[in-house]
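Before any comments, here is the structure.
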Amino acid sequence: DRGITTAIVWLTKPDDDDDGLAYGTEHGFLCIWKRNKNEHTFNEIYCNRLTGGKDGQEISAMAYDNSSGQLAVVHRAEAVHRFVIDGGMSPRTISSITIRDHWPQAVAFGQVGIRGPELWTFGREDGVIYILNDEGKILKAKTTGAVIGHAVLSTKDDAIILDDVSQGIALYKLSGTERIRTFQVPHNERRSRNVAFHDGTSTIVIGSDHGRVYEFDRRTGQISDIIDIGVRERVQSIAV
């Protein structure tokens with residue numbers, strides 16, 4: 014039993030017409046489907062159970078960098094994997110590590126180094142951001158003091174946004190550790206909410222636990238729009 018799907022990303026390559034998708038599951042399986050463009054169908058290329066942390070197999074987040082063809086996968090507890098997707102859409106391991114007492118909730122690719130992009134992994138309960146090189150070596154650790162529900166970064170605009178579960182959206186610079194601004198979001202429960210940039214990074218978007226999606230002007234910090242989805246339920250995932 015692979016379990017329910019807990020993370021998914023689209024796989025594309027700038028110099029290749031083939032594409033596909035990768036998804037992770039609650040029991041730690043990484044699966045990759047390749048799209049047949051002529052028939053508009055998918056074929057499963059790969060499915061294997063990865064080694065998670067000692068306290069959790071669930072794959073909590075994934076990220077894909079199309080310029081390098083690299084895929085990052087993190088488990089709910091401690092485990093961080095990095096792969097390169099080959100021409101046949103199969104993953105080849107670059108690094109696989111565990112970070113003690115780290116509970117990844119989000120993962121993203123950062124600045125490009127000599128041997129590939131940095132990998133940023135965001136811990137939920139510990140609130141620590143680890144920056145790793147291509148070999149899985151920790152280059153830097155940043156302490157936020159927040160319970161992180163989700164995170165997105167923009168290397169172009171030197172910006173990170175975090176879902177601070179107890180408050181709202183926390184805005185940071187990639188190059189620093191000081192919080193620049195907090196965008197307050199009404200909440201009844203301390204639960205994770207997805208965040209996203211929109212219109213470049215001029216607008217910041219976040220879900221809620223009461224059926225609304227909030228849009229903020231990044232410059233002024235003011236709410237620019239509120240989208241009501243019609244039911245007072247948790248808005249967990251958003252895509253823009």
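Using this note's numbering, the letters of the sequence shown correspond one by one to residues 14 to 253. Heads up, the beta-carbon is just placed ideally off N, CA and C, and yes, glycines get one too.
| query | result |
| --- | --- |
| Buried/exposed call for Asn-49, threshold 16 Cβ in 10 Å | exposed |
| Alpha carbon of Pro-221 to alpha carbon of Asp-241, nearest angstrom | The question names Pro, but residue 221 in the sequence shown is Ser. Straight-line Cα distance between these residues: approximately 10 Å. |
| Same chain, Cβ closer than 6 Å to Val-120, five either side skipped, listed in chain order | Ala-74, Ala-76, Ala-85, Val-87 and Thr-134 |
| Inter-residue spacing [alpha-carbon to alpha-carbon] between Lys-26 and Lys-47 | 12 Å |
| Cα-Cα separation, Gly-101 to Ala-209 | 31 Å |
| Neighbour-count burial assignment, Thr-38, 16 or more Cβ in a 10 Å radius | buried |
| Distance between His-53 and Ile-173 (C-alpha atoms, nearest Å) | 36 Å |
| Cβ distance (whole Å) where Glu-91 is taken to contact Arg-113 below 8 Å | 7 Å |
| Same chain, Cβ closer than 6 Å to Gly-149, neighbours up to 5 away in sequence not counted | Ser-108 and Ile-110 |
| Of the listed residues Ile-98, Lys-155, Val-244 and Arg-128, nearest to Arg-225 (C-alpha basis) | Val-244 |
| Beta-carbon proximity of Ser-167 to Thr-214, cut-off 7 Å | yes |
| Arg-15 versus Gly-41 - alpha carbon distance | 8 Å |
| Candidates Leu-145, Leu-132 and Val-178, of which the one nearest Glu-138 by Cα | Val-178 |
| Opening and closing residue of the beta strand (DSSP E) in which Ala-172 lies | 172-177 |
| Nearest candidate by alpha-carbon position, reference Lys-186, set Gln-197, Lys-169, His-200 and Glu-131 | Lys-169 |
| Cα-Cα separation, Gln-83 to Arg-95 | 7 Å |
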